[in-house]
Structures are given as structure tokens and as C-alpha cells.
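Q: In our numbering, the protein residues as written are 67 to 333. Quick reminder that beta carbons are idealized off the backbone N, C-alpha and C, glycines included. Since this is a predicted model, take the numbers as computed values, not measurements.
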Amino acid sequence: MADKRIGFIGAGQMAEALARGFINKGVCKAEHMWATDPVDERKEVFRSFGTNPVDGNIEVVTSSDVIFIAVKPQYVSVVLREVRPHLEDRHTIVSIAAGITLQSLKDAAGDGIRLVRVMPNTPCLVGETAAAMCLGGKADDSDAQLVQRLFDSVGKIYRVDEKLLSAVTGLSGSGPAYIFLMIEALADGGVRSGLPRDIANQLAAQTVLGSAKMVLQTGKHCGALKDMTCSPAGTTIAGIHELEKAGTRAAFMNAVYAATQRADELA
Ligand code: NAD
């Protein structure tokens with residue numbers, strides 16, 4: 067891994083989050099990273115943390131082994147067709163573009179290329195992404211291990227069949243927005259009950275963080291964890307009753323399902 071050189075075509079928000087995560091966790095040295103972007107300020111950002119900004123997409127490809135395609139979805143094909151003559155067996159192409167299928171990547175990059183499609187989410191920016199990947203073209207287990215190792219440094223990644231990537235988009239891809247809405251609503255409830263806004267925001271966010279850690283660290287069923295906090299005729303069961311009356315479970319299920327269907331329509 068340490069000998070792999072990593073390139074970013076598109077040096078935007080996601081590319082920066084990934085690059086900083088890889089460097090901070092020591093999975094790649096900054097001097098072994100290349101990045102390009104038509105916007106000079108983005109290249110300067112990459113220079114500021116020690117990577118090698120270059121002027122063109124082809125230079126990224128010739129300098130790197132693992133190439134992240136981190137442009138907006140509509141530019142993916144154009145970028146891959148540009149660099150296609152310079153792709154070699156040593157390259158692993160990792161596309162993080164939403165909705166761009168392995169077949170589209172193969173059509174643009176050509177046969178015989180190692181392709182990995184990843185759906186990350188925005189908590190990548192704070193090193194806590196929930197991501198999924200699928201393999202295409204000539205990619206094999208060694209490519210999966212490589213991508214796993216990289217994403218372990220910015221959160222968690224799971225391997226799925228490509229047909230499940232829309233469901234991943236509906237759950238973890240779109241999920242941060244559902245949770246932001248929930249945190250805002252919890253804080254509103256706190257303010258309605260008399261708390262100052264800043265304390266209400268902190269309490270709501272920390273409650274979500276702590277609860278998620280309990281689920282991940284204890285391995286207990288969410289229902290069991292919920293039951294542990296509900297004493298008979300207590301405060302929590304009174305709150306739960308209101309959530310059940312409002313159909314909160316169905317609302318979250320419907321949100322994931324609707325976003326999944328939308329992702330299918332866009333793919
Ligand atoms: P961004 O706009 O911050 O970054 C894209 C960068 O690509 C820009 O800096 C732009 O100047 C550059 N660019 C445009 N054309 C280019 C070209 N021809 N060659 C090289 N660079 C070019 O966008 P982002 O939020 O970082 O998203 C990047 C990709 O990640 C998208 O495809 C998106 O679907 C995917 N993604 C984003 C999120 C998210 O929440 N931001 C989540 C999952 C997946």
C-alpha cells in the first residue's frame with residue numbers, strides 16, 4: 067500500500083476529504099499523491115497539504131497507480147475518454163461519481179481496466195464515511211482490498227453487488243440529510259421546552275453520536291437498546307408513544323425507499 071501512488075482527477079470537496087484522510091491515517095504519503103483541477107484555487111489547496119498538484123488529467127494518470135475520478139457525474143465520461151490511451155494494467159480506477167454505472171465507466175475507459183465504483187457520503191469530510199463499493203472490468207480481490215484499506219482511513223466501506231448501490235444511495239448516501247433534519251427537529255423540541263438554542267443543538271447532535279456508538283460498539287439490537295431506556299410509565303416511553311403515533315418508523319423507511327427509487331431513475 068505504502069508504495070501505491072494516488073491520483074485525483076477533480077480536486078473538489080470529496081477529493082480533499084479523501085486525500086486528507088489517507089495522509090492523516092498514514093495510508094499514503096502526501097508526496098505520493100497527485101491531483102488536478104481546472105480551478106487553480108483547488109490545486110493550491112492540494113499544494114497546501116503537501117501533495118503534487120499538476121496541470122492536466124493525463125499527468126495524474128501517468129504519475130499514479132490508483133486514480134480517483136472525483137468530478138461531477140456529467141464529466142466522468144469525458145475525463146475517462148481523455149485519459150484512456152494512457153491507462154495501463156497497473157491502474158485501478160475508483161469512481162465516486164453518483165449514478166455512473168460500471169458499464170458507463172467501462173464504455174468510457176475501455177475493456178481490461180480495473181474499475182471500482184464507490185458510493186461514499188459527506189461525513190467523509192470528518193473521517194466517518196459510510197460507503198459501499200462494487201467491482202467491474204478487470205478489478206479483482208486485490209483491488210477490493212486496496213480500496214478497503216484506503217476507505218478504512220476515512221470511515222467504513224462494504225462490498226455489495228452493483229444492483230444494490232441505489233439502495234446504498236437511498237440509505238447512507240442520502241442518510242446524512244435525514245439525520246441533520248432529525249437533529250434540527252430534536253433541538254427545536256429542546257428550544258420549545260426552554261433550552262437555549264446552542265445547548266439544544268449540542269445535546270441533540272451528541273445524543274445522535276452517542277446512540278450510534280452504542281449500536282456499533284455493543285452490537286445489541288436497536289430495539290433492546292430502546293427498551294433499556296424506557297422505564298414503565300416513564301418519560302422516554304411517553305416520547306416514544308408520540309413518535310409511533312406520528313409514524314416515524316414508516317417515514318424513515320419511506321424516505322430510504324423513495325431515495326433508492328430516485329437513484330434507480332437517475333442511473
Ligand atoms: P466538487 O464540485 O467539490 O468537486 C468536483 C471538482 O471537479 C471541482 O473542483 C471541479 O473544478 C473539478 N472538475 C470539473 N471538471 C473537471 C475536469 N474536466 N477535469 C478535472 N477536474 C474537473 O464536487 P464533490 O462534492 O467533491 O463531488 C465529486 C464527486 O463525488 C461527484 O461525482 C459526486 O457525485 C460524488 N459524491 C459526492 C458526494 C457529496 O456529498 N459531495 C457524496 C457521494 C458522491
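Return the residue from the list 296, 314, 178 and 81 that minimises the CA-CA distance to residue 193.
A: It is 81.
Q: From the DSSP output, in three-state form, read off residue 184 for me.
A: Strand.
Q: Judging by CA-CA distance, which residue of 267, 91 and 239 is the nearest neighbour of residue 248?
A: Nearest C-alpha to residue 248: 267.
Q: DSSP three-state call for residue 134: helix, strand or coil?
A: Reduced to three states, the DSSP call for residue 134 is strand.
Q: How big is the Cα-Cα spacing for residue 152 and residue 124?
A: Computed Cα separation, rounded: 7 Å.
Q: When the Cα of residue 242 is compared with those of 105, 208 and 274, which residue comes out closest?
A: Minimum Cα distance to residue 242 is reached at 274.
Q: Please state whether DSSP places residue 88 in a helix, a strand or coil.
A: Correct three-state label for residue 88: helix.
Q: Mind the definition here: the region 224-240 touches the region 104-119 only if three or more C-beta pairs lie below 8 Å; say whether that holds.
A: Contact fails: fewer than three Cβ-Cβ distances are below 8 Å.
Q: Could you tell me if the beta carbon of residue 141 falls within a distance shorter than 6 Å of some heavy atom in the ligand NAD?
A: Yes, since a heavy atom of the ligand NAD falls inside the 6 Å radius drawn around the Cβ of residue 141.
Q: Hey, would you say residue 83 sits closer than 7 Å to residue 89, going by beta carbons?
A: Their beta carbons are not under 7 Å apart, which means residue 83 does not touch residue 89 by this criterion.
Q: Evaluate residue 217 with the Cβ neighbour count: other Cβ atoms within 10 Å of its Cβ, from every protein chain shown; 16 or more gives buried, anything less gives exposed.
A: Residue 217 should be labelled buried.
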